[in-house]
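*Asks:* So the sequence shown is residues -25 to -1, 1 to 272, counted in mature numbering (1 follows the signal peptide of the UniProt record, and there is no 0).
Glycine residues also receive a C-beta, built at the ideal position from the N, C-alpha and C atoms.
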Amino acid sequence: MHRILTTAMVTAALMGASGSGTAVAEPHPNDGGMANCNVFGNVRRLLAGYNGDPNPQPYRPYYDDFTIARQENWCSTSYGDGTLRFGPDGLTLGIAASRPEVLMSAGSVISHTNVEQGHTVTMKVDASGSAGLNGTTGWGIASRTTDPGPLETAWFFRNDTDGPLGSISQATTPIFEAIGSDLPRGFFVMVKRALGLPVIKQLDPAYLAGEHSYSVRLSSDKVEFFIDGAEVASFADPPTGRSIDISRQPVPLVGQIWIDSSYWFPYMWPQVNASGHLIRITDYQQGPNGEVPLVFD
């Protein structure tokens, strides 16, 4: 099961590299004015598995309400028919109804700035527009690499489909329960430390029906997850944010938010959606533990 989860996360990171931009980090028409992350901008880093911002910024605290595309904070990793929209209601990430000529789609952004131990990330997310999504959506922090060794994650994640793979994975649930592991279908939190194995905890999917404040609090000895200020999970062996890839370059943790049309079992499999889906983010803040609110009004 741990191998399946790691393979899935690596595949997810690789798909994130297939952004709408290539060598030039210019805004795509569907990205609401947000520049592409230009993950192909450093070929040496890409060959080493890194698919994040070619020029990541040192850690700094900041707040964003997403009313406009703030290039200093974020860049786009969208692909296919994924869309980004900024406005008075915040950032809307969406995917359009499936088309035969588009294998998979994602609306996705990553933060330019690192997240380190001793810091908290809180964001307000309304995932009600993802109801019925055949695919995944999630938010939290992660390192941007396809190499399972330095890969680190601490995020909220939803993975589901009404397609054939959903029934197959549901039928195998007793097998995974027998070996003491959860099947990654539904809504859950997932944590992976560099050189470690991923672990998950299932959450009540009812949270996805409305707007909630989600927090990831990273310390040197644990990582904690909160929804509307209440702790929903805590794990030892947290991500360090100090991973090094095979090119001997750092692979930092960064904020990440996405919605896509793929299902994990055990790799990313394209799914069909008869209609579009979206999530909305109205607030994002990162800063030292104790200084970032766990709830946005």
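Hey, could you find the ends of the alpha helix (DSSP H) Asp20 is sitting in?
*Replies:* For clarity, residue 20 is Arg in the given sequence; the question names Asp instead. It spans Val18 to Leu22 - the alpha helix (DSSP H) in which Arg20 sits, taken as one unbroken run.
*Asks:* Return the chain-ordered list of same chain residues with a C-beta closer than 8 Å to the C-beta of Ser194, the five sequence neighbours on each side being excluded.
*Replies:* These residues qualify, in order along the chain: Gln92, Gly93, Pro213 and Asn264.
*Asks:* Give me the residue from Val247, Thr88 and Phe200 with the minimum Cα distance to Val270.
*Replies:* Checking every option, the nearest Cα to that of Val270 belongs to Phe200.
*Asks:* Could you compute how far the alpha carbon of Ser80 sits from the alpha carbon of Ser105?
*Replies:* Answer to the nearest angstrom: the Cα atoms are 14 Å apart.
*Asks:* With burial defined as no fewer than 16 other Cβ atoms inside 10 Å of the residue's Cβ, what is the status of Glu127: buried or exposed?
*Replies:* Buried, since its Cβ has 16 or more Cβ neighbours within 10 Å.
*Asks:* Hey, quick one: how far does the beta strand (DSSP E) through Ile43 stretch, first residue to last?
*Replies:* Here Ile43 belongs to no beta strand (DSSP E), and DSSP marks it neither H nor E.
*Asks:* Straight-line CA distance for Ser250 to Asp64?
*Replies:* So the two alpha carbons sit approximately 22 Å from each other.
*Asks:* Can you tell me where the beta strand (DSSP E) holding Ile85 begins and where it ends?
*Replies:* Segment Ala81 to Val90, the beta strand (DSSP E) holding Ile85.
*Asks:* Can you tell me which residues form a DSSP beta bridge with Gln32?
*Replies:* For Gln32, which the question treats as bridged, DSSP gives the partners Thr88.
*Asks:* Secondary structure at Ala169, three-state DSSP: helix, strand or coil?
*Replies:* Of the three classes helix, strand and coil, the one that applies to Ala169 here is coil, per DSSP.
*Asks:* According to DSSP, is Asn11 helix, strand or coil?
*Replies:* It is a strand residue.
*Asks:* Would you check if the segment 205 to 223 and the segment 54 to 72 touch, i.e. whether three or more CB-CB distances between them fall below 8 Å?
*Replies:* Because the criterion of three Cβ pairs below 8 Å is not met, the segment 54 to 72 and the segment 205 to 223 do not touch.
*Asks:* Out of Leu108, Asn5 and Asp179, point me to the one whose CA is closest to Val207's CA.
*Replies:* Val207 has its Cα closest to that of Asp179, out of Leu108, Asn5 and Asp179.
*Asks:* Going along the chain, which residues of its own chain have a beta-carbon closer than 6 Å to the beta-carbon of Gln260, five neighbours each way excluded?
*Replies:* Excluding residues within five positions, the ones whose Cβ falls inside 6 Å are Tyr38, Thr97 and Val267.
*Asks:* Three Cβ pairs or more, each shorter than 8 Å: is that satisfied between the segment 2 to 10 and the segment 226 to 240?
*Replies:* No, they do not touch.
*Asks:* Would DSSP call Asp235 helix, strand or coil?
*Replies:* Three-state DSSP puts Asp235 in a strand.
*Asks:* With a 10 Å radius around its C-beta and 16 neighbouring C-beta atoms as the bar for buried, classify Asp272 as buried or exposed.
*Replies:* That one is exposed.
*Asks:* Specify the secondary structure class of Ala184 as computed by DSSP and reduced to three states.
*Replies:* In the structure shown, Ala184 sits in a helix (DSSP, three-state: H, G or I).
*Asks:* Can you tell me which of Asp56, Pro225, Arg133 and Arg192 puts its alpha carbon nearest to the alpha carbon of Ala184?
*Replies:* For the residues Asp56, Pro225, Arg133 and Arg192, the minimum Cα distance to Ala184 belongs to Arg133.
*Asks:* I'd like the span of the beta strand (DSSP E) that includes Glu206, first residue to last.
*Replies:* Counting along the chain, the beta strand (DSSP E) containing Glu206 begins and ends at Ala205 to Ala211.
*Asks:* Could you check which residue in Asp135, Lys167, Ser118 and Phe131 has the C-alpha nearest to that of Tyr189?
*Replies:* Nearest C-alpha to Tyr189: Phe131.
*Asks:* Which residues bound the beta strand (DSSP E) around Asn134?
*Replies:* Residues Thr128 to Asp135.
*Asks:* Where do the ends of the beta strand (DSSP E) carrying Val100 lie?
*Replies:* Counting along the chain, the beta strand (DSSP E) containing Val100 begins and ends at His94 to Asp101.
*Asks:* CA-CA distance, Ile175 and Asp101?
*Replies:* Ile175 and Asp101: Cα-Cα distance of roughly 22 Å.
*Asks:* Near residue 278, which residues of its chain fall below 6 Å by C-beta distance, leaving aside the five closest residues on each side in sequence?
*Replies:* This structure cannot speak to residue 278, because the chain is shown only from -25 to 272.
*Asks:* In the DSSP assignment, what are the bridge partners of Ala117?
*Replies:* Answer is Thr128 and Val229, bridged to Ala117.
*Asks:* Is Gly113 closer than 8 Å to Trp233 when the C-beta atoms are compared?
*Replies:* Yes, the pair counts as a contact, with Cβ atoms nearer than the cut-off.
*Asks:* Could you check the C-alpha separation between Phe163 and Ile202 for me, to the nearest Å?
*Replies:* Using only the alpha carbons, I get a separation of about 12 Å.
*Asks:* Can you tell me whether Gly104 is helix, strand or coil according to DSSP?
*Replies:* In the structure shown, Gly104 sits in a helix (DSSP, three-state: H, G or I).
*Asks:* Please report the distance separating the alpha-carbon of Ala129 from that of Asp196.
*Replies:* Cα to Cα, the separation comes out at about 14 Å.
*Asks:* For Asp6, which of helix, strand or coil comes out of DSSP?
*Replies:* If DSSP states are grouped into helix, strand and coil, Asp6 belongs with the helices.
*Asks:* Leu78 to Tyr54, Cα distance in whole Å?
*Replies:* So the alpha carbons of these two residues sit roughly 10 Å apart.
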